[in-house]
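A.B. asks:
Residue numbers (our numbering): 9 to 91.
(1) Hey, residue 36 and residue 52 are a contact pair by Cβ (cut 8 Å); roughly how many whole angstroms apart?
(2) Would you give the residue range spanned by the beta strand (DSSP E) that residue 69 belongs to?
(3) Between 88, 76 and 40, which has its C-alpha nearest residue 48's C-alpha?
(4) Using only the alpha-carbon positions, how far apart do residue 84 and residue 78 sit?
(5) Among 82, 16, 71 and 44, whose alpha-carbon lies nearest the alpha-carbon of residue 59?
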């Protein structure tokens with residue numbers, strides 16, 4: 009079981025002239041949980057919600073993730089060393 013959280017800030021670090029003028033960054037927070045039913049399977053849920061002026065207009069977003077790892081286990085083979 010993994011539980012976490014995050015905070016995204018709207019601090020302006022550099023000019024983003026490619027964005028429309030009415031698009032301004034806003035602060036938001038995220039709460040997330042992830043479970044590992046098997047060694048290769050992950051299932052997660054997150055909730056992202058606005059903090060600040062957009063809070064009254066946004067109901068937040070629910071996010072679901074499913075991940076499966078197809079990576080094969082490491083198999084060590086004896087190899088001759090040539091110097």
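Note that CB positions come from ideal geometry on N, CA and C, so glycine has one too.
C.D. replies: Let me spell this out:
(1) About 18 Å separates the two Cβ atoms, so there is no contact after all.
(2) Unbroken beta strand (DSSP E) run through residue 69: 69-76.
(3) With distances taken between Cα atoms, residue 48 lies closest to 76.
(4) Roughly 18 Å separates the two Cα atoms.
(5) Ranked by Cα distance from residue 59, the options 82, 16, 71 and 44 are led by 16.
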